[in-house]
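Worksheet for the structure shown next.
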Amino acid sequence: MIKSLQKGISTAFIVMLSVMGLGSASLAAPPPGTTTAPYTVSYSARLTDAVGTPITTAQTVRFSLWTDSDFDAGDLLGTGAIDPGAAGYAGWVEEHTVTPDTNGLFHVDLGTITTLPNVTSSTHVYLQVDVKPDASPITDYEVIDPTGSTADTTDRHILNSAFYAINADTVDNADVGTGPGNLVTLDGAGLFDVAYIPGGTNADSFVIDADDSVAAGTIPLIFGTTLAQVLEYDIGNSYFNFSDDVNITGDLTVTGNANFSGSSEFHMREVADEAAADCTTVNELVLDTTENRIYVCTATGSPGTWAATGGAGGTYAQSIVIEPEYEDGVIVADGSDNKGKIESFFIDTDGDPGNANFNYYRWTTRQSSLQDIDLVVRVDLPDGFTGFQATPVELTYRTADGVVTTNHIDVEIEDTAGTAIPLVGGTDLTSAGAFTTSGITFGGVPTFTAGEQITIKLRPHTTSSGYTDVGRIIINYVGN
0 MIKSLQKGIS
10 TAFIVMLSVM
20 GLGSASLAAP
30 PPGTTTAPYT
40 VSYSARLTDA
50 VGTPITTAQT
60 VRFSLWTDSD
70 FDAGDLLGTG
80 AIDPGAAGYA
90 GWVEEHTVTP
100 DTNGLFHVDL
110 GTITTLPNVT
120 SSTHVYLQVD
130 VKPDASPITD
140 YEVIDPTGST
150 ADTTDRHILN
160 SAFYAINADT
170 VDNADVGTGP
180 GNLVTLDGAG
190 LFDVAYIPGG
200 TNADSFVIDA
210 DDSVAAGTIP
220 LIFGTTLAQV
230 LEYDIGNSYF
240 NFSDDVNITG
250 DLTVTGNANF
260 SGSSEFHMRE
270 VADEAAADCT
280 TVNELVLDTT
290 ENRIYVCTAT
300 GSPGTWAATG
310 GAGGTYAQSI
320 VIEPEYEDGV
330 IVADGSDNKG
340 KIESFFIDTD
350 GDPGNANFNY
360 YRWTTRQSSL
370 QDIDLVVRVD
380 LPDGFTGFQA
390 TPVELTYRTA
400 DGVVTTNHID
410 VEIEDTAGTA
420 IPLVGGTDLT
430 SAGAFTTSGI
440 TFGGVPTFTA
450 GEQITIKLRP
460 HTTSSGYTDV
470 GRIIINYVGN
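Structural data, given as structure tokens:
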């Protein structure tokens with residue numbers, strides 16, 4: 000299927016061209032005495048019209064390299080030339096004038112006009128092939144789509160780079176040694192010299208500070224230059240420091256003390272009924288989820304003996320905080336105007352990489368018209384739920400600007416009976432480039448049953464000139 004560079008990918012065409020018999024792109028054999036792979040790629044193809052008749056007249060074929068497979072009309076300038084600033088453009092393009100034989104076959108060597116870039120660090124590069132009659136203007140170029148469909152995002156041909164070592168001591172002009180640009184070897188002790196340690200290893204174990212040179216301070220393992228999250232051993236305090244949250248899905252056994260400070264939170268074991276719960280340690284705490292009350296063990300046993308930590312309590316204001324990526328959340332395209340990309344990000348709100356990080360989703364598109372996506376979250380109302388506070392829901396979000404036609408957020412909420420709730424403050428949310436938190440209130444007479452679920456649907460909208468960020472959801476309720 001061919002996409003028009005002149006009118007957009009959804010336009011139908013009178014003349015259809017196709018590439019048949021495209022083989023894998025391969026590097027030619029190296030000349031004698033050289034040790035580098037040549038920078039040319041052989042390309043053969045067959046051109047036919049829509050009914051399969053070979054095209055034998057002179058054609059101009061334009062080849063270009065990209066890092067993604069999706070062609071967009073915005074990849075071109077108004078002149079029909081490739082936009083050098085287009086997202087995904089790898090900076091290489093060349094044109095060949097060919098006259099196919101009687102079978103429509105032609106052959107060219109890519110890289111003979113414009114030197115191919117160094118792609119040794121890339122595992123996948125996409126080749127875009129455009130064709131036009133030789134005498135036609137540049138605006139008549141048409142893209143050869145490898146899948147035959149304009150509806151998908153696979154509009155370019157994938158090339159798998161394959162490079163090789165000439166011999167055991169030399170790879171692409173790199174010699175064995177310990178200097179910059181050389182292949183790194185192990186020293187006499189079977190270790191990497193710290194000055195030339197590589198960026199990774201396939202070994203099952205790896206010793207940091209193998210020479211025991213760090214006598215004080217910390218020994219860090221850093222994740223990401225920009226992310227800069229750190230796992231380090233603190234020599235002076237004899238413990239590990241984690242710069243961010245730690246999620247443990249199995250058991251955690253602590254033989255010493257668990258110390259909390261500042262705004263730290265402690266979450267304890269939950270039981271349905273403390274009277275039937277086992278206790279192995281005096282002063283152990285459990286949360287009775289039926290009563291929503293904390294009990295302390297006063298005598299071990301099966302079951303143990305428990306005492307309530309407080310008197311009979313009534314109801315009080317509580318909140319459920321839901322951070323991206325949302326637990327029990329799904330991303331749904333409603334089938335209309337859903338072209339775009341949803342990503343997860345975080346920002347550091349206080350300058351400390353290990354504290355107060357804020358997560359959010361970002362919705363972007365390359366389309367000029369509004370595109371949307373649904374973030375659907377199911378939230379369990381606690382068993383002790385008795386009602387909502389004055390502002391039941393709060394949403395933190397950000398848009399590129401305050402223009403609704405450029406970007407905004409709509410919110411829909413269903414009660415526990417699955418009925419849509421009339422909302423106040425849940426449509427056309429914008430923030431003009433800064434994160435803000437808005438309250439959403441309920442109208443009508445919705446049904447809410449403790450222990451059952453409500454559904455929250457967040458629908459960010461944006462165009463190519465904006466973006467929409469969706470962050471924290473807070474559910475404010477009253478319960479015991």
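For the sequence shown, position 189 matches number 188 in numbering that gives the first Met the number 0, and the numbering has no gaps at all. For glycine and all other residues, C-beta sits at the position ideal for the given N, C-alpha and C.
In DSSP terms, what residue i is bridged to
| i | result |
| --- | --- |
| Asp373 | Val331 |
| Glu413 | Ala419 and Thr454 |
| Phe441 | Leu422 |
| Arg361 | Glu342 and Asp468 |
| Leu109 | Val40 |
| Asp58 | Residue 58 is actually Gln in this sequence, not Asp. DSSP output for Gln58 lists Val97 and Pro132 as bridge partner(s). |
| Asn475 | Ser318 |
| Glu273 | Answer is none; Glu273 lacks a bridge partner. |
| Gly386 | Val477 |
| Tyr396 | Thr435 and Val469 |
| Ser483 | As shown, the chain starts at 0 and ends at 479. That puts residue 483 outside it, with no answer to give. |
| Pro53 | Thr47 |
| Asn406 | Thr461 |
| Ile81 | Leu75 |
| Asn356 | Asp347 |
| Ile157 | Tyr125 |
| Leu481 | In the structure as shown, the chain starts at 0 and stops at 479, and residue 481 therefore has no counterpart that could be examined. |
| Leu185 | DSSP, once it has assigned bridges, lists no residue as partnering Leu185. |
Beta-carbon proximity list for residue i, same chain, < 7 Å, skipping 5 on both sides
| i | result |
| --- | --- |
| Asp67 | Gly87 and Tyr125 |
| Phe259 | Phe265 |
| Thr33 | The pLDDT assigned to Thr33 is 40, lower than 50, so where the model puts this residue is not dependable, and the model offers no usable value. |
| Thr225 | none |
| Gly328 | Leu374, Val375 and Val376 |
Proximity below 8 Å, CB of residue i to CB of residue j
| i | j | result |
| --- | --- | --- |
| Ile408 | Thr454 | no |
| Tyr232 | Ile221 | no |
| Gly235 | Ala215 | yes |
| Ile420 | Gly386 | no |
| Asp97 | Gln58 | One point to set straight first is that residue 97 is Val, not Asp, in the sequence displayed. For Val97 and Gln58, yes; Cβs fall inside 8 Å. |
| Met267 | Val245 | no |
| Asp333 | His460 | no |
| Asn358 | Gly470 | yes |
| Ser368 | Thr426 | no |
| Ile474 | Leu394 | no |
| Leu46 | Val142 | no |
| Ala271 | Thr288 | yes |
Same chain, Cβ closer than 8 Å to residue i, neighbours up to 5 away in sequence not counted
| i | result |
| --- | --- |
| Pro83 | Gly90 |
| Ser430 | Tyr396, Arg397, Thr398 and Gly401 |
| Thr446 | Asp414, Thr415, Ala416 and Thr418 |
| Ala298 | Cys278, Val281 and Thr304 |
| Arg458 | Asp371, Ile372, Asp373, Leu374, Ile408, Asp409, Val410 and Glu411 |
| Thr113 | Trp91, Val92 and Glu93 |
Contacting residues, own chain, Cβ-Cβ under 6 Å from residue i (five flanking each side not counted)
| i | result |
| --- | --- |
| His95 | Val60 and Val107 |
| His156 | Leu126 and Pro145 |
| Gln5 | Its pLDDT being 35, under 50, Gln5 is placed unreliably by the model, and the measurement read from it follows with that caveat. Thr138. |
| Ile456 | Strictly speaking, residue 456 in this sequence is Lys, with Ile absent from that position. So the qualifying residues of the chain are Asp373, Val375 and Glu411. |
| Phe105 | Val97 and Pro99 |
| Asn291 | Gly383 and Asn479 |
| Glu283 | Cys296 |
| Tyr565 | Outside the displayed span of the chain (0 to 479) sits residue 565, for which this structure offers no information. |
| Leu76 | Asp82 |
Quick one: complete beta strand (DSSP E) runs, 3+ long, within the segment 201-271?
-> 217-222, 228-233, 238-241 and 268-270
Between the segment 357-364 and the segment 436-456, do at least 3 Cβ pairs fall closer than 8 Å?
-> no
So does the segment 465-479 actually touch the segment 398-416, counting three or more Cβ pairs closer than 8 Å?
-> yes
How about the segment 375-393 and the segment 317-329: do they share at least three Cβ pairs that are nearer than 8 Å?
-> yes
On the three-pair Cβ rule with 8 Å, is the segment 329-346 touching the segment 384-391?
-> no
Touch check for the segment 427-443 and the segment 275-288: three-plus C-beta pairs under 8 Å?
-> no
Write down every uninterrupted run of the beta strand (DSSP E) in the segment 280-327 whose length is 3 residues or greater and which is fully enclosed by it, in chain order.
-> 284-287, 292-298, 304-307 and 315-321
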